[in-house]
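Asker:
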Amino acid sequence: MTDAELLLVFDSTIDPSGFAGWARHFDSTGTTARTYRLGGADVIVAQGPATVLPAPAGLPQPRQTVRAGGGFRLGRRELFPSGTVVSIGSTLIGDGDIAVFAGPCAVENPGQMMSTAAAVARHGAVGLRGGAFKPRTTPYSFQGLKWAGLELLAKAREETGLPILTEVVDPRHVDRMAEVVDGFQIGTRNMQNFELLIEVGRSGMPVVLKRGFGCTVDELLTAAEYLLAEGNDQVVLCERGIRTFEGATRFTLDLSAVALLKRRTHLPVMVDPSHSLGIPELIEPLTLAAVAAGADALLVDVHVQPEQALCDGKQALLPEDFARLMNRLEMLALGVGRRMAPAPAADYSGIHDALTPDVV
1 MTDAELLLVF DSTIDPSGFA GWARHFDSTG TTARTYRLGG ADVIVAQGPA TVLPAPAGLP
61 QPRQTVRAGG GFRLGRRELF PSGTVVSIGS TLIGDGDIAV FAGPCAVENP GQMMSTAAAV
121 ARHGAVGLRG GAFKPRTTPY SFQGLKWAGL ELLAKAREET GLPILTEVVD PRHVDRMAEV
181 VDGFQIGTRN MQNFELLIEV GRSGMPVVLK RGFGCTVDEL LTAAEYLLAE GNDQVVLCER
241 GIRTFEGATR FTLDLSAVAL LKRRTHLPVM VDPSHSLGIP ELIEPLTLAA VAAGADALLV
301 DVHVQPEQAL CDGKQALLPE DFARLMNRLE MLALGVGRRM APAPAADYSG IHDALTPDVV
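Residue numbers (UniProt numbering): 1 to 360.
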């Protein structure tokens with residue numbers, strides 16, 4: 001019979017001698033115990049005989065005790081019942097407000113990036129998305145501006161005050177990108193790129209982990225464990241649609257996963273309706289449904305000239321469509337007892353919403 005796993009969560013105020021006492025107790029009974037620092041708390045994961053025996057008197061009591069098994073440990077809701085709040089720059093995800101990150105799928109040129117950034121900022125986005133590195137299905141598609149694109153994202157942040165979220169695709173890029181970005185995104189194709197997960201976990205940077213389009217909820221949760229096991233609790237799980245037999249939309253947006261994740265994990269949940277659907281007209285109703293299902297944040301594609309986009313232009317909203325979506329979201333938020341995350345104060349008067357002909 002396999003020994004059960006016992007997870008103990010201690011407040012950060014625990015005396016080091018008390019923590020050492022627990023370590024000696026487990027060691028003396030032949031119990032394997034590993035210690036993790038997570039979210040300002042110390043977590044012991046123990047496996048062996050002592051997990052079914054009363055603890056000796058005199059040891060400090062944990063604030064949470066959870067029996068678990070398998071590969072899903074540190075992300076369990078029971079460890080931190082009130083949930084984890086992730087900070088991407090000045091934007092909080094998981095505090096009850098609805099945070100919207102918006103921008104183009106890919107950074108293409110200065111005019112496109114700055115105009116789109118100004119538009120989403122003016123209409124209430126609290127974070128800026130944009131891909132500098134773009135892994136594509138075919139090697140002949142636009143792969144992003146890479147480091148030059150990262151510089152444009154930094155410039156857009158300087159102009160709008162919005163924190164930037166962008167995809168990292170290579171473990172060797174993590175350190176250099178961490179000097180610039182406010183948060184990493186790990187895309188659907190890299191959800192199980194375990195070396196990348198480990199490096200991002202070690203960086204301590206906030207990260208949005210997208211569900212693989214062929215992966216289960218359990219596989220998403222165990223992928224997140226790679227980040228958590230490195231001591232990084234600044235993890236947002238993102239539902240972005242899965243591949244099913246249905247071909248009417250690009251993917252099938254699994255809103256049941258949103259509600260399920262909110263019950264099973266303390267990590268906040270984001271939804272990307274743009275990549276799920278591939279149809280701009282469907283983004284608004286599915287975005288509203290995602291919030292109703294409990295989503296903490298949204299990731300929306302916006303482009304000032306989607307017909308000229310080099311990547312996924314067909315799914316992007318125009319700025320005026322994004323403005324209408326944000327108005328509808330604000331009304332829905334009031335109806336469900338929530339509010340939109342407050343946008344940082346900034347002056348966008350020097351940036352134009354529309355591209356001029358010489359920009360592209």
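The C-beta atom is built at its ideal place from N, Cα and C for all residues, glycine as well.
Indicate whether the contact test is met: 3 or more Cβ pairs, each with one atom in the stretch 318-328 and one in the stretch 120-128, closer than 8 Å.
Answerer: yes
Asker: My understanding is that G89 touches T222, with C-beta atoms under 8 Å, so please give their C-beta distance in whole angstroms.
Answerer: Not confirmed; about 28 Å, so no contact.
Asker: What's the C-alpha gap between S28 and M205?
Answerer: 37 Å
Asker: Please state whether DSSP places V300 in a helix, a strand or coil.
Answerer: strand
Asker: How long is the line joining the alpha carbons of V107 and A316, rounded to whole angstroms?
Answerer: Computed Cα separation, rounded: 13 Å.
Asker: Judging by CA-CA distance, which residue of T32, N109 and F10 is the nearest neighbour of P60?
Answerer: Checking every option, the nearest Cα to that of P60 belongs to F10.
Asker: Taking 8 Å as the limit between beta carbons, can you name the residues of its chain near L128, skipping five residues before and five after?
Answerer: The residues are F101, A102, G103, A117, V120, A121, L153, A156, R157, T160, L162, P163, I164 and L165.
Asker: Threshold first: 4 residues or longer. Then list the alpha helix (DSSP H) segments lying entirely within the stretch 127-214, N to C.
Answerer: 147-160, 174-178 and 194-203
Asker: Report the residue from D42, V168, E5 and E330 whose alpha carbon sits nearest the alpha carbon of I14.
Answerer: Its Cα nearest to that of I14, the residue D42 stands out among D42, V168, E5 and E330.
Asker: Look at K146 and A132 and say whether their C-beta atoms are less than 8 Å apart.
Answerer: yes
Asker: Taking only the alpha-carbon atoms, compute the straight-line gap between L310 and R250 and give it to the nearest angstrom.
Answerer: 18 Å
Asker: Use the C-beta contact count for F194: other C-beta atoms within 10 angstroms, 16 or more gives buried, fewer gives exposed.
Answerer: exposed
Asker: State the DSSP-derived secondary structure class of I98, mapped to helix, strand or coil.
Answerer: strand
Asker: Check each candidate in P62, N109 and V85 and name the one with the smallest Cα separation from Q308.
Answerer: For Q308, the nearest C-alpha among the options comes from N109.
Asker: Pull up the CB-CB distance for R328 and H275, whole angstroms please, since I reckon it's below 8 Å.
Answerer: Actually they do not touch by this definition, with Cβ atoms about 20 Å apart.
Asker: Look at G313 and H303 and say whether their C-beta atoms are less than 8 Å apart.
Answerer: yes
Asker: For a quick check, are the C-beta atoms of E262 and V271 less than 8 Å apart?
Answerer: Sequence inspection shows Lys at residue 262; the Glu mentioned does not correspond to that position. Not in contact: K262 and V271 (Cβ atoms no closer than 8 Å).
Asker: How long is the line joining the alpha carbons of V86 and R76, rounded to whole angstroms?
Answerer: 16 Å
Asker: In chain order, what residues of the same chain lie with their CB nearer than 7 Å to the CB of V200, ignoring the 5 residues before and after it?
Answerer: V168, V174, F184, I186, V207 and L227
Asker: Can you tell me whether F72 is helix, strand or coil according to DSSP?
Answerer: coil
Asker: Using beta-carbon positions only, say whether residue 434 and L6 come within less than 8 Å of one another.
Answerer: With the chain covering only 1 through 360, there is no way to say anything about residue 434.
Asker: When we look at the beta-carbon of D218 and count the other beta-carbons within 10 Å, is it buried (16 or more) or exposed?
Answerer: exposed
Asker: Sort T138, W22, T216 and Q234 by Cα distance to D95 and report the nearest one.
Answerer: Q234
Asker: Is A248 helix, strand or coil when you go by DSSP?
Answerer: In the structure shown, A248 sits in coil (DSSP, three-state: anything other than H, G, I, E or B).
Asker: Could you check if L334 is buried or exposed, using at least 16 other CB atoms within 10 Å of its CB as the buried criterion?
Answerer: The C-beta of L334 has fewer than 16 other C-beta atoms within 10 Å across all chains shown, which makes the residue exposed.
Asker: Put D42 into one of helix, strand or coil per three-state DSSP.
Answerer: strand
Asker: My understanding is that T31 touches A55, with C-beta atoms under 8 Å, so please give their C-beta distance in whole angstroms.
Answerer: Contact flag wrong, Cβ pair sits at about 11 Å.
Asker: Can you name, in chain order, every residue of its own chain whose Cβ lies under 8 Å from the Cβ of A289, other than the five neighbours on each side?
Answerer: L255
Asker: From R338 to G58, what does the alpha carbon distance come to, in whole angstroms?
Answerer: 44 Å
Asker: Compute the Euclidean distance between the alpha carbons of R330 and M340, then round it to the nearest angstrom.
Answerer: Per the sequence shown, the amino acid found at residue 330 is Glu instead of Arg. Between E330 and M340, the C-alpha separation is close to 6 Å.
Asker: Between residue 370 and the rest of its own chain, which residues show a CB-CB distance below 7 Å, the 5 nearest in sequence each way excluded?
Answerer: Nothing can be reported for residue 370: it is not among the residues displayed for the chain, which extend from 1 to 360.
Asker: Within a Cβ cutoff of 7 Å, which residues of the same chain sit near F80, ignoring the five residues on either side of it in sequence?
Answerer: In its chain, beyond the 5 residues on either side, G39 and H266 have a beta carbon closer than 7 Å to the beta carbon of F80.
Asker: Measuring straight from C-alpha to C-alpha, what distance separates Q64 and G214?
Answerer: 34 Å
Asker: Within 10 angstroms of the Cβ of G69, are there 16 or more other Cβ atoms? Answer buried if so, exposed if not.
Answerer: Within a 10 Å sphere around the beta-carbon of G69 sit fewer than 16 other beta-carbons, which makes this residue exposed.
Asker: Taking the C-alpha atoms as reference points, what is the distance between C105 and M114?
Answerer: Taking C-alpha positions only, C105 is separated from M114 by approximately 14 Å.
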